[in-house]
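> Sequences listed follow chains P and U, in order.
Using the working numbering, count along the first sequence one by one with no gaps and you end on 347.
Using the working numbering, count along the second sequence one by one with no gaps and you end on 1347.
Ideal placement from N, C-alpha and C gives every residue a C-beta, glycine not left out.
2 protein chains.
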Amino acid sequence: MSRSSVPTTRSGRATMNDVAARAGVSLKTVSRVVNGEPGVLPATAERVAQAIAELGFRRNDSARQLRTGRAAGIGLILEDVADPFYSVLTRAVEQVVRDNDCLLLTGSCDDDPDREQELAMALCERRVDGLLIVPSATDHSYLAHEIKAGVPVVFVDRPPINLAADVVLADNVGGVRDGINHLIAGGHRRIAYLGDDPAIYTARERLTGYRGALDAAGIPVDEALIVMGRPEPIAIRAALDRLLSQPDAVTALFTGNNRLTTAVLRELSGRVDRPALVGFDDFELADLIAPGLTVVAQDPAGLGRVAATLLFDRLAGLSDAPRRVVLPTVLIPRGSGELPPPGRRAR
Amino acid sequence: MSRSSVPTTRSGRATMNDVAARAGVSLKTVSRVVNGEPGVLPATAERVAQAIAELGFRRNDSARQLRTGRAAGIGLILEDVADPFYSVLTRAVEQVVRDNDCLLLTGSCDDDPDREQELAMALCERRVDGLLIVPSATDHSYLAHEIKAGVPVVFVDRPPINLAADVVLADNVGGVRDGINHLIAGGHRRIAYLGDDPAIYTARERLTGYRGALDAAGIPVDEALIVMGRPEPIAIRAALDRLLSQPDAVTALFTGNNRLTTAVLRELSGRVDRPALVGFDDFELADLIAPGLTVVAQDPAGLGRVAATLLFDRLAGLSDAPRRVVLPTVLIPRGSGELPPPGRRAR
DNA sequence: CTGAAAGCGCTTACAG
DNA sequence: CTGAAAGCGCTTACAG
């Protein structure tokens, strides 16, 4: 078996031309074999396969991509993969992406609008087939060009602003309503709401759920019981001190997200007389603290799965008007949300 | 300003040629402007910039990639992004990748060796500039071709098998040794070790740390106190029943990873007389359960950062022999690891 | 069943 | 300072 010459492609990699030369066939025949196209004599295919193995040939997808226009890749932009909510969402997206024989390109933007746009543009320059975005920007008109150029974009967890596009959301209003109703049913009337920065869509939505539930129950909303802002330990401590020690002290707390819940738990852990607590968003070990943490659970995996599936539907040609999908939440009682108000604790 | 004709590129996207035509310059001049190359008359650059804006031109990176051979992308393969250990690692990798103006392509392989290889090959076909792998396969010789072709590969958390390549590891042996020594210093002699499937590198290494610490302290290793296997609740319950009720019951447990620790905590939560517990790997809320969980903390962000940095060093030309970097662990006492053995609890 | 030619949209290497 | 030509490694559209 005379080994003629090592392929001397500049990149150190064999190309289809190298394979063709070695197998004594044309470039096109190699392409047929590599892509499993029909109409190649078994004997020919065999020779090509052998040349491929000998040269360690691996198709260059950037050339293929240039020619076909398909990247076989999807971009995912979110706030921070390190956050369990997003990492679970990412995993679900990955699964759908894989089922569609694509690769996933990801980036965290830390709620920085500029970074979101930067990432989106970089992904578009790479000509990904579609984009999944948990938005941080306050204006998404910058994507209009890309959508017109045929790149489907699906928003997740928060809707786009100044742009018509698909979006998959959790039922923020309904979820909080359920949680507040649960506390009301437990006898609570003085229920505080700790939410994130109202600049965040979900923070506003959830607050709406709080107000709605109180209204529906005929309990007047006391604005002094609403605390909105970034989860800073110091601010939270101050808020809790006030809420729990004021004349008509609160008997229950609702925390608007994971980070707030954790921060509140840390502050509460030293206290003797604990208020009831329901948190929005579930997390690992919520059942192992004492009392177990009652939560309104979102479905991050569902958000990712549904959004990614919708994206591939769009890629497959689905051309409705932009859709708005809302996924339900689930109340999971574990103890903290079932603590009665002090007056009733004697029984 | 006469608007001649909308660009009719097949993809619906303007190309450099379209821009050139509109600006009345050559393709090459457009390329110069887009890439910020010097030697373009300000007036010319201005005309080009305007044409770019009008056409919504965005450079096609797949063409650029084909020509330059640089993907400006890094591949990351791991077990499961949804696991906090990996999601934090991913975030750190992302940061380094971004600092180097690259994009990140990721994939989870669920400890499936075939899936690892599939992903690695797909990423190589896409001609990523380098690969970061938390390996699941038991043979990495399949990567020899790629490495020879110039794709640097850095392994993370577990070393490669049958392949010489860089690797960044946690100090598994030393970390467990510290944890066991801590328990011994607390008066414990009957210390059980619950580890994961010994097919996993880190599980074997950590067990080695356990044996070493006992040996060094002159405590004979009782094989009956070693339980290795996937973290199945049923198996763990059975093991705990046996370990805690046998004649010479254990007074302390060491759990070899996050999932084992969680599973053990769930089983323990009902019990009255708790053994001391130290877990390998830290997690959120470990301070909020009672007693606080004492852990040997790894540095997942450090692993990701150091590995990614090493990868870019390789891309920049660093050509030493393959390196092996070991990152230290830290013992964090929070209560569960400081519970004394029953004999001493009276004091 | 097989192949020669053209072209995807850029960058490279020259030339003027 | 600007541009014409060639080519990266594939796939497309034909032809035989």
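#1: Just confirm the distance between the C-beta atoms of U:Asp1281 and U:Val1295, as a whole number of angstroms; I'd bet it's less than 8 Å.
#2: Pick helix, strand or coil for U:Ser1285, following the three-state DSSP scheme.
#3: Please work out which residues of its chain come closer than 6 Å, Cβ to Cβ, to U:Ile1226, disregarding the five sequence neighbours upstream and downstream, and give them in chain order.
#4: Please report how far the alpha carbon of U:Asn1162 lies from the alpha carbon of U:Ala1170, in whole angstroms.
#5: For a quick check, are the C-beta atoms of U:Val1306 and U:Val1168 less than 7 Å apart?
#6: Would U:Gly1212 and U:Val1278 qualify as a contact pair, given that the criterion is a beta-carbon distance under 7 Å?
#7: Grab the span of the alpha helix (DSSP H) containing U:Ala1308 for me, first residue to last.
#8: Looking only at its own chain, which residues have a Cβ that is under 8 Å from the Cβ of U:Leu1119, when we skip the five neighbours before and after it?
#9: Taking Cβ-Cβ distances shorter than 8 Å, what residues in chain P pair up with U:Ala1071?
#10: Using a Cβ-Cβ cut-off of less than 9 Å, list which residues of the segment 23 to 54 of chain P approach chain U; keep chain order.
#11: Count the other C-beta atoms from every protein chain shown that fall within 10 angstroms of the C-beta of U:Asn1017, then say buried if there are 16 or more, exposed otherwise.
#12: Compare the C-alpha of P:Asp287 against each of P:Gly337, P:Asp248, P:Thr251, P:Leu310 and name the closest.
#13: When you compare the segment 92 to 102 of chain P with the segment 1027 to 1035 of chain U, are there three or more beta-carbon pairs, one atom per stretch, that lie closer than 8 Å?
#14: Below 8 Å on the Cβ atoms is my guess for U:Asp1197 versus U:Met1228; work out the distance and round it to an integer in Å.
#15: Any C-beta of chain U sitting closer than 7 Å to the C-beta of P:Ser108?
#16: Rounded to whole angstroms, what is the Cα-Cα separation between P:Val19 and U:Asp1129?
#17: Just verifying my parser: in three-state terms, what is the DSSP assignment at U:Leu1240?
#18: Go through its chain and collect everything with a Cβ distance to U:Asn1181's Cβ below 6 Å, but skip five positions before and after it.
#19: In chain U, which residues lie less than 7 Å from P:Leu66 when you measure between Cβ atoms?
#20: Run through DSSP, which three-state label would P:Gly212 get?
#21: For a contact defined as C-beta to C-beta under 8 Å, what are the partners of P:Glu125 on chain U?
#22: Would you mind telling me which residues of chain P sit closer than 8 Å to U:Glu1094, beta carbon to beta carbon, in chain order?
#23: Kindly give me the distance between the Cβ atoms of P:Ser136 and P:Pro113, rounded to whole angstroms, as I take these residues to be in contact under 8 Å.
#24: When DSSP builds the beta bridges, which residues end up paired with P:Val16?
#25: Checking contacts by CB at 7 Å: is U:Ser1087 closer than that to chain P?
#26: Report yes if the CB atom of U:Arg1204 is closer than 7 Å to the CB atom of U:Val1176, and no otherwise.
#27: Rounded to a whole number of angstroms, what is the C-alpha to C-alpha distance between U:Glu1223 and U:Pro1084?
#28: DSSP three-state label for U:Ile1226, please.
#29: Among P:Leu303, P:Arg58, P:Ala72, P:Ser62, which has the Cα closest to the Cα of P:Ala316?
#30: Tell me which same chain residues have a C-beta within less than 6 Å of the C-beta of P:Leu339, skipping the five on either side of it?
#31: At 8 Å on the CB atoms, spell out the chain U contacts of P:Asp188, in chain order.
#32: Is U:Thr1202 helix, strand or coil by DSSP?
#33: So, are the CB atoms of P:Thr251 and P:Arg190 less than 7 Å apart?
#34: Can you list, in chain order, the residues of its chain whose CB lies under 6 Å from that of P:Leu310, leaving out five sequence neighbours each side?
#35: How big is the Cα-Cα spacing for P:Glu116 and U:Leu1143?
#36: Strictly under 7 Å for the Cβ-Cβ distance: is P:Ala290 near chain U by that measure?
This is what the structure gives:
#1: If you number the second sequence from 1, residue 1281 of chain U lands on position 281. If you number the second sequence from 1, residue 1295 of chain U lands on position 295. The pair is a contact, with the Cβ atoms about 7 Å apart (cut-off 8 Å).
#2: Along the second sequence, one-based indexing puts residue 1285 of chain U at 285. For clarity, residue 1285 of chain U is Leu in the given sequence; the question names Ser instead. U:Leu1285 falls in the coil class under three-state DSSP.
#3: Position 226 of the second sequence, counted from the start, is the residue given in the question as residue 1226 of chain U. These residues qualify, in order along the chain: Tyr1193.
#4: Counting from 1 along the second sequence, the entry for residue 1162 of chain U is found at position 162. Counting from 1 along the second sequence, the entry for residue 1170 of chain U is found at position 170. The straight-line gap from Cα to Cα measures roughly 20 Å.
#5: As a first step, residue 1306 of chain U must be located in the second sequence, where it is residue number 306. As a first step, residue 1168 of chain U must be located in the second sequence, where it is residue number 168. Yes, they are a contact pair.
#6: The sequence position of residue 1212 of chain U within the second sequence is 212, counting from 1. The sequence position of residue 1278 of chain U within the second sequence is 278, counting from 1. In this structure, U:Val1278 does not lie closer than 7 Å to U:Gly1212 by Cβ.
#7: As a working mapping, residue 1308 of chain U is identified with position 308 in the second sequence. Where U:Ala1308 is concerned, the enclosing alpha helix (DSSP H) stretches over 1300 to 1315.
#8: Sequence index remark: in the second sequence, residue 1119 of chain U carries index 119 (1-based). Within the same chain, U:Leu1119 has close Cβ partners Gly1075, Ile1077, Gly1107, Cys1109.
#9: Sequence index remark: in the second sequence, residue 1071 of chain U carries index 71 (1-based). Residues of chain P passing the Cβ test: Ser62.
#10: none
#11: For the purposes of this step, residue 1017 of chain U is identified with residue 17 of the second sequence, where counting begins at 1. U:Asn1017 is exposed by the Cβ-count criterion.
#12: For the purposes of this step, residue 287 of chain P is taken as the residue at position 287 of the first sequence. Measuring from the Cα of P:Asp287, the nearest candidate turns out to be P:Gly337.
#13: no
#14: In the second sequence, counting from the first residue as 1, residue 1197 of chain U sits at position 197. In the second sequence, counting from the first residue as 1, residue 1228 of chain U sits at position 228. With 8 Å as the limit, U:Asp1197 and U:Met1228 qualify as a contact, their Cβ atoms being about 7 Å apart.
#15: As a working mapping, residue 108 of chain P is identified with position 108 in the first sequence. It does; some Cβ of chain U falls within 7 Å.
#16: Looking up residue 19 of chain P in the first sequence gives position 19. Looking up residue 1129 of chain U in the second sequence gives position 129. Between P:Val19 and U:Asp1129, the C-alpha separation is close to 23 Å.
#17: As a first step, residue 1240 of chain U is located in the second sequence; it is residue number 240 there, counting from the start. U:Leu1240: helix per DSSP, three-state reduction.
#18: As a first step, residue 1181 of chain U is located in the second sequence; it is residue number 181 there, counting from the start. For U:Asn1181, where only same-chain residues beyond five positions count, the Cβ hits under 6 Å are Ala1213.
#19: For the purposes of this step, residue 66 of chain P is taken as residue 66 along the first sequence, with counting starting at 1. Here the neighbours are Ser1062, Ala1063, Leu1066.
#20: Mapped onto the first sequence, residue 212 of chain P falls at position 212. In this structure, P:Gly212 counts as helix in the three-state DSSP scheme.
#21: If you number the first sequence from 1, residue 125 of chain P lands on position 125. Those within 8 Å of P:Glu125 in chain U are Arg1058, Arg1059, Asn1060, Asp1061.
#22: Start at 1 with the first residue of the second sequence, and residue 1094 of chain U comes out as number 94. Val81, Thr106, Gly107, Ser108, listed in chain order.
#23: Position 136 of the first sequence, counted from the start, is the residue given in the question as residue 136 of chain P. Position 113 of the first sequence, counted from the start, is the residue given in the question as residue 113 of chain P. With a Cβ gap of about 5 Å, P:Ser136 and P:Pro113 count as contacting.
#24: For the purposes of this step, residue 16 of chain P is taken as residue 16 along the first sequence, with counting starting at 1. Note on identity: in this sequence residue 16 of chain P is Met, with Val being the wrong assignment. Its beta-bridge partners do not exist; DSSP assigns none.
#25: Working through the second sequence from its first residue, we reach residue 1087 of chain U at position 87. Answer yes: the Cβ-Cβ gap between U:Ser1087 and chain P drops below 7 Å somewhere.
#26: Locating residue 1204 of chain U in the second sequence gives position 204, where the first residue counts as 1. Locating residue 1176 of chain U in the second sequence gives position 176, where the first residue counts as 1. No. Outside cutoff.
#27: As a working mapping, residue 1223 of chain U is identified with position 223 in the second sequence. As a working mapping, residue 1084 of chain U is identified with position 84 in the second sequence. If I take the Cα positions, the gap works out to 31 Å.
#28: Residue numbering aside, residue 1226 of chain U sits at position 226 when the second sequence is read from its first letter. Three-state DSSP puts U:Ile1226 in a strand.
#29: Stepping through the first sequence from its first residue, residue 316 of chain P is reached at position 316. Checking every option, the nearest Cα to that of P:Ala316 belongs to P:Ala72.
#30: Here the question's residue 339 of chain P lines up with position 339 in the first sequence. Here the set comprises Ala276.
#31: Translated into positions along the first sequence, residue 188 of chain P becomes position 188. The question names Asp, yet the displayed sequence has His at residue 188 of chain P. Chain U residues near P:His188: none, gap ~23 Å exceeds 8 Å.
#32: Mapped onto the second sequence, residue 1202 of chain U falls at position 202. Residue state, collapsed to three classes: helix.
#33: Locating residue 251 of chain P in the first sequence gives position 251, where the first residue counts as 1. Locating residue 190 of chain P in the first sequence gives position 190, where the first residue counts as 1. Yes, Cβ-Cβ distance for P:Thr251 and P:Arg190 is below 7 Å.
#34: Within the first sequence, residue 310 of chain P is the residue found at index 310, counting from 1. Cβ within range, chain order: Val154, Asp166.
#35: Locating residue 116 of chain P in the first sequence gives position 116, where the first residue counts as 1. Locating residue 1143 of chain U in the second sequence gives position 143, where the first residue counts as 1. One C-alpha to the other measures close to 34 Å.
#36: Translated into the one-based positions of the first sequence, residue 290 of chain P becomes position 290. It does; some Cβ of chain U falls within 7 Å.
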